[in-house]
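For reference, the structure discussed in these notes is given below.
There are 2 protein chains.
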Amino acid sequence: MKAEIISIGDEILIGQINNTNSVWIAQQLTLMGIHVVHMSSVSDEENAIVQAFDQALLRSKLVFITGGLGPTKDDLTKKTFANYFKVPLVMNGEVLDVVHSFFTKRGRELTEINRQQALVPEGSEVIMNYKGTAPGMWMRKNDCIFISMPGVPYEMKAMMTETILPKIKAEFKLPSIYHKTVLTNGIGESMLAELIEDWENSLSAEGLKLAYLPQPGMVRLRISAFGADLEDLKNKVEKQILSLKALIPEYIFGMETFGEEPLNLQHIVLNLLLERKESLSIAESCTGGYLASLITSIPGASQVFSGGLVPYANEAKHKLLGVELSIFDTVGAVSKECVVALARNVREKFNSTYGIGISGIAGPGGGTEEKPVGLVWIAVADKNKVIPIQLQFGDIRQNNIVMSSNAALNLLRKFILKQK
Amino acid sequence: MKAEIISIGDEILIGQINNTNSVWIAQQLTLMGIHVVHMSSVSDEENAIVQAFDQALLRSKLVFITGGLGPTKDDLTKKTFANYFKVPLVMNGEVLDVVHSFFTKRGRELTEINRQQALVPEGSEVIMNYKGTAPGMWMRKNDCIFISMPGVPYEMKAMMTETILPKIKAEFKLPSIYHKTVLTNGIGESMLAELIEDWENSLSAEGLKLAYLPQPGMVRLRISAFGADLEDLKNKVEKQILSLKALIPEYIFGMETFGEEPLNLQHIVLNLLLERKESLSIAESCTGGYLASLITSIPGASQVFSGGLVPYANEAKHKLLGVELSIFDTVGAVSKECVVALARNVREKFNSTYGIGISGIAGPGGGTEEKPVGLVWIAVADKNKVIPIQLQFGDIRQNNIVMSSNAALNLLRKFILKQK
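Residue numbers (the numbering used here), protein chains in the order written: chain P, 8 to 427; chain E, 8 to 427.
As structure tokens, this is what we get:
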């Protein structure tokens with residue numbers, strides 16, 4: 008089945024925002040075995056939108072449209088939609104209730120502009136938006152289905168995941184499909200590709216597809232099988248994953264099954280701690296609170312996360328975490344000695360099972376010949392032992408922060424698993 | 008002058024790569040006053056490419072094409088190009104020399120496949136590629152110019168900057184253009200739209216365009232002017248911005264001039280602190296390190312950021328930050344009393360000019376009738392005074408974290424500016 012994606016909004020055409028919505032929708036459709044044949048971005052102008060609709064009608068069975076559904080004047084997708092389908096806009100009671108409760112919950116008054124959010128083209132099936140106020144719409148023209156969604160990414164994603172994708176699965180006979188993603192950490196894309204070259208070749212012999220999905224701090228390897236019999240596809244993929252596990256055990260830290268919540272290292276570590284009823288505290292200097300924010304982004308983190316410290320200045324490392332002043336004068340703050348003290352002392356301070364200490368040079372400035380930008384020391388401690396490691400990343404500040412945080416989580420994961 | 012951008016490649020359509028080329032090209036063209044009216048991504052298939060060319064011909068004077076120029080079999084842009092212009096591919100000596108030296112420099116042999124990189128459609132102007140092996144091409148059909156470039160970002164960018172954009176400037180008389188974006192915080196898109204309705208109407212009377220660009224925690228308002236005289240456009244836009252500032256002074260926290268680095272609240276606050284040689288420390292509970300990570304993501308943060316604490320558990324709030332145990336028993340951790348103590352005590356602990364305290368219920372669990380999910384208390388303190396505020400956000404954990412952090416930065420910004 009062929010699909011296409013239309014993004015509406017001048018902000019895309021002037022390059023002010025990166026169109027991540029199209030990327031995400033394309034990923035979801037591809038994973039379901041739907042063939043995305045075209046993507047386009049058009050202006051907030053009725054003519055441009057109608058032209059895109061006309062062309063989509065000739066090419067695709069499913070047309071996904073994002074953007075142009077807000078309450079303000081530059082948004083005219085809904086009006087264009089109604090004109091295109093030659094129907095009036097009518098007030099939808101269910102949507103009006105949602106919009107109404109959205110505003111009253113926040114102690115705000117419902118204005119006339121807000122009420123208009125509940126207008127939908129007559130005859131459209133409404134896709135409820137529980138994260139915002141603009142509803143989605145599902146309309147049929149000839150043999151083609153047009154699905155209009157808001158451009159706000161988390162509203163669009165919630166609609167897709169909760170309503171639209173299940174509806175498509177229910178209405179159409181799609182090919183069977185099985186995906187599984189292997190999560191690796193501690194090795195780059197090209198080195199990984201060399202290590203697993205033979206294994207990768209054996210995949211295509213079985214009709215399986217492999218995708219490398221690199222991101223700072225990890226490379227995800229997605230193995231996909233398309234065909235008739237799901238059980239058969241699953242067996243093929245799982246067999247290959249077993250071979251891969253035997254090949255690179257030290258780099259694999261988890262698996263992601265498609266359709267489940269994407270797993271990151273922070274989820275894996277949090278689950279390990281929850282299972283064991285253990286707790287964690289963090290003293291992070293160069294990552295500046297990012298590691299704590301990764302962990303606390305997960306609901307329920309408060310059950311295992313005792314707390315964190317961002318001792319950015321040396322004075323704070325000394326006064327709050329008992330790092331001896333002599334360390335700064337001899338080996339410096341970016342050193343084994345410093346992170347060992349941070350990990351041990353933060354653990355004691357918060358009375359947690361484990362403590363993490365991180366100190367490094369995030370960049371872009373602050374590097375020396377001896378200690379270049381990207382140098383990071385990390386330590387994990389429990390009450391009996393402490394393991395420090397040294398890593399060297401590149402010169403991009405944000406990447407160094409992300410990669411150091413991931414490396415710390417992976418060190419903790421290994422620490423937890425090996426000791427028991 | 009109207010332009011459009013076509014990206015060729017299945018890797019875009021399956022969502023495997025984010026199409027940053029189009030964003031970058033759109034930015035460059037917009038800055039030159041060229042109006043990008045359409046963007047599309049099509050498959051590596053002759054039919055799809057030809058269809059995109061045909062439509063572009065009707066719409067635009069300049070068509071920028073990226074991708075599909077590599078030496079491997081799935082790349083057929085060049086062949087399609089030659090067919091479309093009804094000319095043969097011919098060997099270009101100058102390109103062949105570049106390709107040849109590219110390989111010999113790297114100690115590699117020139118294969119037949121590599122030699123074919125030097126084939127170009129007869130009659131095309133070649134755009135030399137000094138960063139790689141695939142040349143760019145500039146061809147005219149009817150009144151429209153097609154410019155084909157490789158998909159590798161740094162090869163494409165070098166061609167654009169060094170050759171293509173100067174060539175366009177030399178050949179065409181371009182209009183002037185001026186954009187400026189006003190950054191607002193603390194008000195939603197629809198309430199803002201009502202507040203500034205009259206002002207917005209006066210914009211169109213002057214031929215200016217307004218775009219609302221909402222994101223969690225802020226709404227950006229972009230005002231654009233197109234015309235003959237840049238100074239005139241600039242005056243028009245700046246005059247309107249003055250009226251807007253008078254209309255909603257309490258919500259505006261900054262300005263973004265198009266083409267400059269995008270500004271966020273954390274940049275603005277950091278700059279204020281740097282100018283004043285003042286410092287900041289943070290005790291953040293429900294934001295879990297996110298606020299510290301926003302500030303420390305900026306190079307040079309160490310000059311003003313003394314450090315942070317994430318006292319997630321009440322025990323940590325008490326032991327590390329001196330929050331009286333009686334507070335938890337009476338008004339609870341999400342209270343004015345708690346954040347006032349956090350802000351004051353973190354400031355003292357780190358000996359910084361300002362202290363921020365945050366405590367709230369990020370959700371999705373943990374809410375009660377009296378203290379629902381999304382309730383957040385924030386306080387800012389210096390050595391003389393402390394200002395606490397209470398806010399009520401929604402029920403999405405990540406948004407609550409982002410919005411609370413932005414609100415804290417904005418409270419600090421106002422605190423700093425009003426006291427002097």
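Note that beta-carbon positions come from the ideal geometry of N, C-alpha and C, so glycine has one too. The model shown is predicted, which means the values in this text are computed figures rather than measured ones.
With DSSP as the reference, label residue i as helix, strand or coil.
i	result
G100(P)	helix
C151(P)	strand
K427(P)	Below a pLDDT of 50, predicted positions are generally treated as unreliable, and K427(P), at 45, falls in that range; no measurement from the model is reported.
M39(P)	coil
F179(E)	coil
E196(E)	helix
L298(E)	helix
I255(E)	coil
L443(P)	The displayed coordinates of chain P run from 8 to 427. Any statement about residue 443(P) would go beyond what the structure contains.
E355(E)	helix
K421(P)	helix
L217(E)	strand
A340(E)	coil
I need the straight-line Cα distance from residue i to residue j, nearest angstrom please.
i	j	result
D150(P)	A165(P)	26 Å
R351(P)	I423(P)	16 Å
L240(P)	A59(E)	36 Å
L279(P)	L287(P)	11 Å
L228(E)	S155(E)	34 Å
L83(P)	I15(P)	10 Å
D51(P)	L181(E)	23 Å
L64(E)	E132(E)	19 Å
K427(P)	T37(P)	Because K427(P) carries a pLDDT of 45, less than 50, the predicted location of this residue cannot be relied on, and no value is offered for it.
N121(P)	P157(P)	15 Å
L418(E)	V387(E)	7 Å
K68(E)	K93(P)	33 Å
G214(P)	S231(P)	9 Å
A10(P)	Y91(E)	26 Å
T111(P)	T118(P)	11 Å
T246(P)	T73(P)	Here the sequence assigns Lys to residue 246(P), which means Thr is not the residue at that position. Their Cα atoms are separated by approximately 39 Å.
Where does residue i land, buried or exposed, given buried means 16+ other C-beta within 10 angstroms?
i	result
L416(E)	buried
E101(E)	exposed
D61(E)	exposed
S209(P)	exposed
I225(E)	It should be pointed out that residue 225(E) corresponds to Met in this sequence rather than to Ile. It is buried - the Cβ of M225(E) has at least 16 other Cβ atoms within 10 Å.
S342(E)	buried
N391(P)	exposed
V338(P)	exposed
G372(E)	exposed
T140(E)	buried
M98(E)	exposed
Y137(P)	exposed
So who's on the other strand from residue i, going by DSSP bridges?
i	result
Q222(E)	M225(E)
L382(E)	Q399(E)
Q369(P)	Here residue 369(P) is Ala; the residue named in the question, Gln, does not match the sequence. None, per the DSSP bridge assignment.
T188(P)	R229(P) and E263(P)
I13(E)	S47(E) and I72(E)
P128(E)	L96(E)
M144(E)	V133(E) and S155(E)
K164(E)	Its beta-bridge partners do not exist; DSSP assigns none.
S288(P)	G314(P) and G362(P)
Is residue i close to the ligand SAM? I mean its beta-carbon at under 7 Å from any heavy atom of the ligand.
i	result
Y361(E)	In the structure shown, the ligand SAM is absent, as is every other ligand, since no ligand is present at all.
Between residue i and chain B, is there a C-beta pair that is closer than 8 Å?
i	result
E169(P)	Judged by its chain identifiers, the structure shown contains no chain B, and its protein chains are P and E.
*Interface positions of the region 20 to 33 of chain E facing chain P (Cβ-Cβ less than 9 Å), listed along the chain*: Listed by position along the chain: L20, I21, G22, Q23, I24, N25, N26, T27, S29, V30, W31, I32 and A33.
*Which residues, taken in chain order from the region 303 to 328 of chain P, show a beta carbon closer than 9 Å to some beta carbon of chain E?*
Close to chain E, meaning a Cβ-Cβ distance shorter than 9 Å, are the following residues of the region 303 to 328 of chain P: T303, S304, I305, P306, G307, A308, S309, F312, S313, G314, G315, L316, V317, P318, Y319, A320, E322, A323, K324, K326 and L327.
*Listed in chain order, which residues of the region 374 to 405 of chain E have Cβ atoms closer than 9 Å to some Cβ of chain P?*
For the region 374 to 405 of chain E, residues whose beta-carbon sits nearer than 9 Å to a beta-carbon of chain P comprise P379, G381, Q399, F400, G401, D402, I403, R404 and Q405.
*Give, in chain order, every residue of the region 188 to 203 of chain E whose Cβ lies closer than 9 Å to some Cβ of chain P.*
So the list reads T188, G195, E196, S197, M198, L199, A200 and E201, given in the order they occur along the chain.
*Just by C-beta distance, which residues in the region 120 to 137 of chain P are closer than 7 Å to chain E?*
Flagged, chain order: I120 and N121.
*Mind checking the region 38 to 52 of chain E against chain P and listing, in chain order, the residues whose C-beta falls within less than 8 Å of any C-beta there?*
Residues passing the 8 Å Cβ filter: V43, V44, H45, M46, S47, S48, V49 and S50.
*Taking only beta carbons into account, state which residues of the region 340 to 369 of chain P come closer than 9 Å to chain E, listed in chain order.*
So the list reads K356, F357, N358 and A369, given in the order they occur along the chain.
*Can you give me, in chain order, the residues of the region 83 to 99 of chain P that have a beta carbon less than 8 Å from any beta carbon in chain E?*
Here the close residues number zero.
*Residues from the region 210 to 230 of chain P in contact with chain E, defined by Cβ distance under 8 Å*: With the criterion set as a beta carbon lying under 8 Å from some beta carbon of chain E, the members of the region 210 to 230 of chain P are A218 and L220, in sequence order.
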